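Data block below; observations after.
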Amino acid sequence: MNGSRKIKASNKLSIRGKHRSTKMRRMIPWESTLERDFIKLLDFDPTVIYFEFQPVRIDFAYKGKKRKYYPDFLVRKNDYKDYIFEVKAFEKSKNEQNVLKFQVGQKYCSENNMKYVVVTEEDIRQGYLIENLDILSEVREDSISKRVMNEIRRKLIELGEKASIHQLKLACNDIDEAVFECNLYYLIYTKEIYTDLVNNEINENIIVERMQG
14 MNGSRKIKAS
24 NKLSIRGKHR
34 STKMRRMIPW
44 ESTLERDFIK
54 LLDFDPTVIY
64 FEFQPVRIDF
74 AYKGKKRKYY
84 PDFLVRKNDY
94 KDYIFEVKAF
104 EKSKNEQNVL
114 KFQVGQKYCS
124 ENNMKYVVVT
134 EEDIRQGYLI
144 ENLDILSEVR
154 EDSISKRVMN
164 EIRRKLIELG
174 EKASIHQLKL
184 ACNDIDEAVF
194 ECNLYYLIYT
204 KEIYTDLVNN
214 EINENIIVER
224 MQG
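All letters in the sequence shown, in the order written, are residues 14 to 226 by our numbering.
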């Protein structure tokens, strides 16, 4: 496995930056807003235990010239298999050079017992998911309370394990509203409480329910 590529600063033709990963607990570089949003999905995905941005270099030839390909993300999941994810805008996914890179990436993964996956905005930006994750991930761990979370869980069970956020808040009327919101959002983000984050914007009317198992 060859070394990672140095990330250049933004310019007028491209936007680059870094995103604070809640899972990796450090800043992860990105070279497009689509890559930035994919980092948010990796953070939220409970099957992902580790990921890194462009740590692999694959050498290949294109039109008689030597090329270097740095796939976007190396991801390790809880099945302890390694995956390489290439993030690409759908309109660019059929580009001749990109198709060649995909083939090169697939060959590399086949030879190294890894899986190669191309994802586009259709996979990443589903419904309200990214916007909702932006809200949920704002909650800091030092602002949550085990006592408050246990109370929210208990009240949700009393409500039949399913209720709107508004109903649940009324049931937890002895908890400060801001404290209630922080702790509920943390429970949703950590998937202890479920709600449909793709089809609904987070608001008091959405239904939350206790995760089973």
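Ideal Cβ placement from N, Cα and C applies to all residues, glycine included.
Note that the structure is a prediction, hence the values are computed from the model and not measured.
{"Asked": "Backbone CA spacing between Arg-80 and Ile-28 [nearest angstrom]", "Found": "23 angstroms"}
{"Asked": "Whole-angstrom distance between Asn-196 and Lys-120, CA atom to CA atom", "Found": "45 angstroms"}
{"Asked": "Sheet register partners of Asp-72 (DSSP bridge)", "Found": "Lys-81"}
{"Asked": "Cβ pair Asn-108, Ile-62 closer than 9 angstroms", "Found": "no"}
{"Asked": "Buried or exposed (CB count within 10 angstroms, at least 16 for buried), Thr-46", "Found": "exposed"}
{"Asked": "Span separating the alpha-carbon of Val-117 from that of Val-131", "Found": "12 angstroms"}
{"Asked": "Enclosing beta strand (DSSP E) for Ile-220 [first to last residue]", "Found": "220-223"}
{"Asked": "Span of the beta strand (DSSP E), counted from its first residue to its last, around Asn-177", "Found": "What sits at residue 177 in the sequence shown is Ser, not Asn. Note, Ser-177: beta strand (DSSP E), 175-177."}
{"Asked": "Assigned exposure category for Leu-200 - 16 Cβ within 10 Å defines buried", "Found": "buried"}
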